[in-house]
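Under the working numbering, the first residue of the sequence shown is numbered 66, with each subsequent residue one higher. Ideal Cβ positions, reconstructed from N, Cα and C, are used throughout, including at glycine.
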Amino acid sequence: MSESVELKRVAMVYGPDDDPHMYELFEGVLYDRSYFFYIEHGILYLRHVRKLEQPDHPYLYVDGESGGLQLAENVQRKIMEVVTELIERLRSKDGLTFLLDELLWLQGRSHIELNLVKTKGNL
Numbered sequence: 066m067s068e069s070v071e072l073k074r075v076a077m078v079y080g081p082d083d084d085p086h087m088y089e090l091f092e093g094v095l096y097d098r099s100y101f102f103y104i105e106h107g108i109l110y111l112r113h114v115r116k117l118e119q120p121d122h123p124y125l126y127v128d129g130e131s132g133g134l135q136l137a138e139n140v141q142r143k144i145m146e147v148v149t150e151l152i153e154r155l156r157s158k159d160g161l162t163f164l165l166d167e168l169l170w171l172q173g174r175s176h177i178e179l180n181l182v183k184t185k186g187n188l
């Protein structure tokens, strides 16, 4: 039997971008203490977040400056259902299968720069 997916509803503060005083607040779900999934305009995103250490705001997180990933478009189901299904599906794949089945076949993408080969010493 597979491990259950534990998600918690939280909010993330993102910003500032162009204006140093402008921030955005997103509602979504937290997975594994630091991975925030949210849907904006039908697009499912994933970002790394850090917990804001404010006792009055236990469900508030800030962007962890990870750059984020766009995971899906045209999402019309509830976020808990979508994220649970996605995590369960990805857990069942090994890294090579994910690389070959998902990343290699992204539509409309340019080159993705990964650093998967770690070098030891000088080459």
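Straight-line Cα distance separating residue j from residue i
i: Phe-163; j: Val-140; result: 21 Å
i: Leu-179; j: Leu-169; result: 12 Å
i: Glu-71; j: Gly-173; result: 33 Å
i: Ile-15; j: Leu-136; result: In the structure as shown, the chain starts at 66 and stops at 188, and residue 15 therefore has no counterpart that could be examined.
i: Asp-159; j: Glu-146; result: 22 Å
i: Asp-84; j: Leu-161; result: 41 Å
i: Leu-39; j: Leu-165; result: Nothing can be reported for residue 39, as the shown portion of the chain is limited to 66 through 188.
i: Ala-76; j: Gly-133; result: 15 Å
i: Val-182; j: Arg-142; result: 37 Å
Residue-level contact to chain C via CB, residue i, 7 Å cutoff
i: Pro-85; result: Absent from the structure: chain C. Only one protein chain is present.
Expected contact under 8 Å - CB spacing of residue i and residue j to nearest Å
i: Glu-92; j: Gly-80; result: 15 Å between Cβ atoms; not a contact.
i: Tyr-110; j: Leu-117; result: Actually they are not in contact, since the Cβ atoms of Tyr-110 and Leu-117 sit about 19 Å apart, beyond 8 Å.
i: Ser-99; j: Arg-115; result: 7 Å
i: Phe-101; j: Ile-144; result: Phe-101 to Ile-144, Cβ: 11 Å. No contact.
Beta-carbon spacing of residue i, residue j below 7 Å
i: Asp-128; j: Arg-112; result: yes
i: Val-148; j: Val-94; result: yes
Top-ranked residue by Cα proximity to residue i, from the options
i: Glu-105; options: Ser-69, Leu-171, Glu-138, Ser-157; result: Glu-138
i: Glu-130; options: Ser-69, Val-182, Asp-82; result: Asp-82
Measuring CB atoms only, is the segment 114-132 touching the segment 146-153, in the sense that at least three cross pairs come out at less than 8 Å?
no
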